[in-house]
Amino acid sequence: MKKFLLLAGIALSCAISNAQNTPSEKWDTVRTDAGMNNATVYFGYGAELTHESKVKVDASTRIIVINQLSTNVDINSLQVSVPEDVALLSQRYSVFYPVPPPVVKVKEVERLEDSILLVQKEISRLDNLIVIDQEILTKTGLLIETTVNKTNEKPVTSDEILKLLEYYTAKIEKSKTNIYNNKQTINQLNVRIAEIRKKIAGITAVTPVKQRPYGQVILQVMCKRSGEIPVAMSYYTTNAGWTAMYDVRVNSKTNKVKMVYKASLTQTTGIDWKKTKLTLSTGTPNFGVSAPVLTPWYLQLYVPGLYTDLQRRAAQGNAARNIIQSYAEDEKLAEVVVTDAAGQYNLKALKDQNIDPSTLQQYTTLTQGQLNTSFEIDLPYDIASDGQLNSVTIKDQEIDCTLKNYAVPRMDKDAYLLAEVADWQNLDLLPGDANIIMDDTYIGKSVIDPNTTADTLNLSLGRDKRIAVKRSLVKEQSSLKTSGGNTKQVFTYEILVKNNKVTDVNLLLKDQFPLSNIKEVVVTLEDGSDAMINTETGVLTWKIDLKPGESKKVRFSYSVKYPKDKKIVNLK
Numbered sequence: 048m049k050k051f052l053l054l055a056g057i058a059l060s061c062a063i064s065n066a067q068n069t070p071s072e073k074w075d076t077v078r079t080d081a082g083m084n085n086a087t088v089y090f091g092y093g094a095e096l097t098h099e100s101k102v103k104v105d106a107s108t109r110i111i112v113i114n115q116l117s118t119n120v121d122i123n124s125l126q127v128s129v130p131e132d133v134a135l136l137s138q139r140y141s142v143f144y145p146v147p148p149p150v151v152k153v154k155e156v157e158r159l160e161d162s163i164l165l166v167q168k169e170i171s172r173l174d175n176l177i178v179i180d181q182e183i184l185t186k187t188g189l190l191i192e193t194t195v196n197k198t199n200e201k202p203v204t205s206d207e208i209l210k211l212l213e214y215y216t217a218k219i220e221k222s223k224t225n226i227y228n229n230k231q232t233i234n235q236l237n238v239r240i241a242e243i244r245k246k247i248a249g250i251t252a253v254t255p256v257k258q259r260p261y262g263q264v265i266l267q268v269m270c271k272r273s274g275e276i277p278v279a280m281s282y283y284t285t286n287a288g289w290t291a292m293y294d295v296r297v298n299s300k301t302n303k304v305k306m307v308y309k310a311s312l313t314q315t316t317g318i319d320w321k322k323t324k325l326t327l328s329t330g331t332p333n334f335g336v337s338a339p340v341l342t343p344w345y346l347q348l349y350v351p352g353l354y355t356d357l358q359r360r361a362a363q364g365n366a367a368r369n370i371i372q373s374y375a376e377d378e379k380l381a382e383v384v385v386t387d388a389a390g391q392y393n394l395k396a397l398k399d400q401n402i403d404p405s406t407l408q409q410y411t412t413l414t415q416g417q418l419n420t421s422f423e424i425d426l427p428y429d430i431a432s433d434g435q436l437n438s439v440t441i442k443d444q445e446i447d448c449t450l451k452n453y454a455v456p457r458m459d460k461d462a463y464l465l466a467e468v469a470d471w472q473n474l475d476l477l478p479g480d481a482n483i484i485m486d487d488t489y490i491g492k493s494v495i496d497p498n499t500t501a502d503t504l505n506l507s508l509g510r511d512k513r514i515a516v517k518r519s520l521v522k523e524q525s526s527l528k529t530s531g532g533n534t535k536q537v538f539t540y541e542i543l544v545k546n547n548k549v550t551d552v553n554l555l556l557k558d559q560f561p562l563s564n565i566k567e568v569v570v571t572l573e574d575g576s577d578a579m580i581n582t583e584t585g586v587l588t589w590k591i592d593l594k595p596g597e598s599k600k601v602r603f604s605y606s607v608k609y610p611k612d613k614k615i616v617n618l619k
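First residue of the sequence shown: 48, per this note's numbering; consecutive thereafter.
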């Protein structure tokens, strides 16, 4: 009895001790979810997320756990701010993976599954009866055969054999009937199981919502007072970013161009951004901040490759140097950049006929820094962490430009319509795709690349079929002559242009003559037809003003002299 009382006392003491210890672990730990109020998204990829939370603490609080943070955090960038009367001893980041909850079955599904078990049990019983009847048939046949073949013993009369056959026939008939009936019953039960399973498939199971993993910060603190305190934190993550997009809206009647700035934003930070204010920055912190250092530069001899490789590289170099000339420059070949996307231009009517695509500009604040530009949008956005592209309108701006036509008949028989933009450096452009929309009609896509030192930006607005261009060889003024050890060929080309528009046209026409870096091959421009000549690239440029329905012709001629025992593979 004493031993029993002693054991009972020990058990009661342990229970009291556990009851006292369990609450104490909770008293010194508080938990809260982080609220996200601002995201600074960087061009390309990268974002700085800012969170604020309210936490109730007292003097006994030692641990603060803040949940619902990004699952991809640069630990070195994590910054935590607490009030002055709270001492932050340490901070630790981790990713929490919730335990998947069990699937809860509907009671009706459980009842139907129990019915299937009962039916399967009945099928097993019938299968067993079929096996028994089959064994009876087998043994009955053996018994008949044995009885008839006994010759050493007493002979069996015919009457006895008939009675024996009648007995075994009845028994065989009964067994076969039982087997047939049991198989039919099994088929019916299988049909019933299929119907029950179909009912189960039609019932929607209550699947619990699977929680996504999330980041959490565990703070070790010492609090001097009780009450609600604010906790702010920020960090950098690479799982977000934005790229520039533009809508270039052209009114051909007024020659006015409106450029709409857009951001194509995506994020997979692991948390959904709810009512978050966005700041789009042109900075790229992921590219590093270390300045380059020069190292010794040692020259190496170049071994020339095949002719085709040299030809390809020469063509690429010429294309880089052969940049379009601004129509406004008369005395010099001004450098510009033309942007155009490869592919066909398909005409498609716009569904949205509103010329003003955005009313959000009044909520956007432009902040210029020494290294980047930021667009602060004072509106709450909801952006899910699903990797989908979200189009965010930043601002729209009317730009001054000149519409002109551009043609290179040696490369393309069609003329192009260009919008020439001067002083484009003040537009804060970034590399990106541009949707070209003329008179509320979608023309196609172009590419804006501001990474250039050119003075003028040319936006390609697509092919202009209303300008006819034809380039042909004038055979009467072209010749092939051989004298001594050399061959001389003369080429004369005529270009006919016609304006089929009802308005005046300013056409920038280009062609070229070949260049030679071989001593034995001499190229001479015989007649430039008042063209502006770039001797470094061999490009000829004409500025042609055309009235409605007017046609004009230009001719140019060049000669090529080379040894008669040689052949130039790319002369035409």
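Every residue, glycine too, gets a C-beta built ideally from N, C-alpha and C.
In this text, all values refer to a predicted model and were calculated from it rather than measured experimentally.
- Residue 454 is bridged by DSSP to 462, 556.
- With respect to residue 117, residue 286 sits close: the two C-beta atoms are nearer than 8 Å.
- Membership of residue 425 in the beta strand (DSSP E) is indicated by the continuous run 420-430.
- Counting C-beta pairs closer than 8 Å gives three or more between the stretch 501-511 and the stretch 454-473, which meets the contact rule.
- For the pair of segments examined, the stretch 167-187 was found to touch the stretch 222-236: the number of CB pairs separated by less than 8 Å reaches three.
- Nearest to residue 526 by C-alpha distance, out of 537, 520, 518, 519, is 537.
- Distance check between residue 315 and each of 556, 437, 513 places 437 closest, using alpha-carbon atoms only.
- Between the alpha carbons of residue 147 and residue 258 lies a gap of roughly 7 Å.
- 605 is the residue among 605, 550, 169 whose C-alpha sits nearest the C-alpha of residue 540.
- For residue 543, the uninterrupted beta strand (DSSP E) run begins and ends at 533-546, by DSSP.
- Residue burial is scored here from C-beta neighbours: residue 153 has fewer than 16 other C-beta atoms within 10 angstroms and is therefore classed as exposed.
- Across the set 300, 77, 601, 549, the C-alpha of 77 shows the shortest separation from the C-alpha of residue 275.
- Secondary structure at residue 566: coil, using DSSP grouped into helix, strand and coil.
- For residue 262, the enclosing beta strand (DSSP E) covers residues 261-270.
- For residue 128, the CB contacts under 6 Å within the same chain, skipping 5 residues up- and downstream, are 279 in chain order.
- With respect to the C-alpha of residue 532, the residue from 181, 414, 610 having the closest C-alpha is 610.
- By the Cβ neighbour-count rule, residue 451 is buried, with 16 or more other Cβ atoms within 10 Å of its own.
- Residue 578: not part of any beta strand (DSSP E); DSSP gives it neither H nor E.
- DSSP lists 307, 482 as the bridge partner or partners of residue 294.
- With a 10 Å radius around the Cβ and a threshold of 16 neighbouring Cβ atoms, residue 283 comes out buried.
- The criterion of a C-beta distance shorter than 8 Å is not satisfied by residue 600 and residue 555.
- For residue 470, the three-state secondary structure derived from DSSP is coil.
- In the structure shown, the three-state DSSP call for residue 172 is helix.
- Residue 282 is bridged by DSSP to 96.
- Under the three-pair Cβ rule at 8 Å, the stretch 411-429 does not count as touching the stretch 508-518.
- Residue 321 and residue 96 have their C-alpha atoms some 12 Å from each other.
- One alpha carbon belongs to residue 485, the other to residue 296, and they sit about 6 Å apart.
- One thing to note: residue 273 has its Cβ no nearer than 8 Å to the Cβ of residue 134.
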